[in-house]
Amino acid sequence: MKTTESYTAQLGQFIRYVLLPAVPRLAWWALGLLGFSWLNLLLLAELWPHHPQAETWFAAGFMLCLALLPWLGVYTAQRLISRVRRWWWRSFWRLVTIGGYLAGVVALFALLIGVMVSS
Numbered sequence: 034m035k036t037t038e039s040y041t042a043q044l045g046q047f048i049r050y051v052l053l054p055a056v057p058r059l060a061w062w063a064l065g066l067l068g069f070s071w072l073n074l075l076l077l078a079e080l081w082p083h084h085p086q087a088e089t090w091f092a093a094g095f096m097l098c099l100a101l102l103p104w105l106g107v108y109t110a111q112r113l114i115s116r117v118r119r120w121w122w123r124s125f126w127r128l129v130t131i132g133g134y135l136a137g138v139v140a141l142f143a144l145l146i147g148v149m150v151s152s
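Letter by letter, the sequence shown follows residues 34 to 152 in the numbering used here.
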């Protein structure tokens with residue numbers, strides 16, 4: 034990158050050439066299913082009035098994707114560590130990895146507690 038480029042141009046290049054190729058395909062599927070489940074839960078009365086089990090299925094898909102996203106974020110951050118040049122950026126992505134592991138464990142416990150309470 035040229036040093037004369039603006040910060041927004043540098044950020045755009047980082048997102049386009051470094052971040053997006055590092056995101057795994059499963060993360061895009063999980064984000065799509067999360068949005069699909071959220072919209073179906075939001076419009077449940079209009080789209081699924083005669084299917085009482087629809088709420089259960091879409092809520093399960095929503096929770097599964099929420100539990101999966103921190104782990105996919107960790108995988109993405111681990112892939113980014115080898116792609117950045119400066120040591121402080123590598124340290125930053127290592128910290129993001131540690132935070133993602135913590136968020137994944139918390140999300141997993143929250144999901145397990147939610148399943149046990151609803152049973």
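Backbone N, C-alpha and C define an ideal beta-carbon position, used for all residues, glycine too.
Residue i vs residue j beta-carbon contact at 9 Å
i: V56; j: T109; result: yes
i: G106; j: V138; result: no
i: G147; j: W104; result: no
i: A140; j: L99; result: yes
Presumed contact (8 Å Cβ cut-off) between residue i and residue j, rounded CB distance
i: S70; j: F95; result: 4 Å
i: N73; j: L80; result: 6 Å
i: E88; j: L75; result: No, E88 and L75 are not in contact; Cβ-Cβ is about 11 Å, not under 8 Å.
i: L113; j: W126; result: 5 Å
Residue i CB to nearest heavy atom of the ligand PLP below 8 Å
i: M149; result: The ligand PLP is not part of this structure, which contains no ligands at all.
Selection from the options that minimises the alpha carbon distance to residue i
i: R116; options: T41, Y40, R49; result: R49
i: R118; options: E38, S39, V51, A42; result: V51
i: G68; options: L44, A93, W122, P85; result: A93
i: P54; options: P85, Q111, S124, W122; result: Q111
i: L97; options: L144, S124, T41; result: L144
Buried versus exposed, by CB contacts within 10 Å (16 or more), residue i
i: F91; result: buried
i: L101; result: buried
i: A63; result: buried
Residue i (DSSP reduced to helix, strand or coil)
i: W61; result: helix
i: V112; result: A quick correction: the sequence has Arg, not Val, at residue 112. Of the three classes helix, strand and coil, the one that applies to R112 here is helix, per DSSP.
i: S70; result: helix
i: L76; result: coil
i: W121; result: helix
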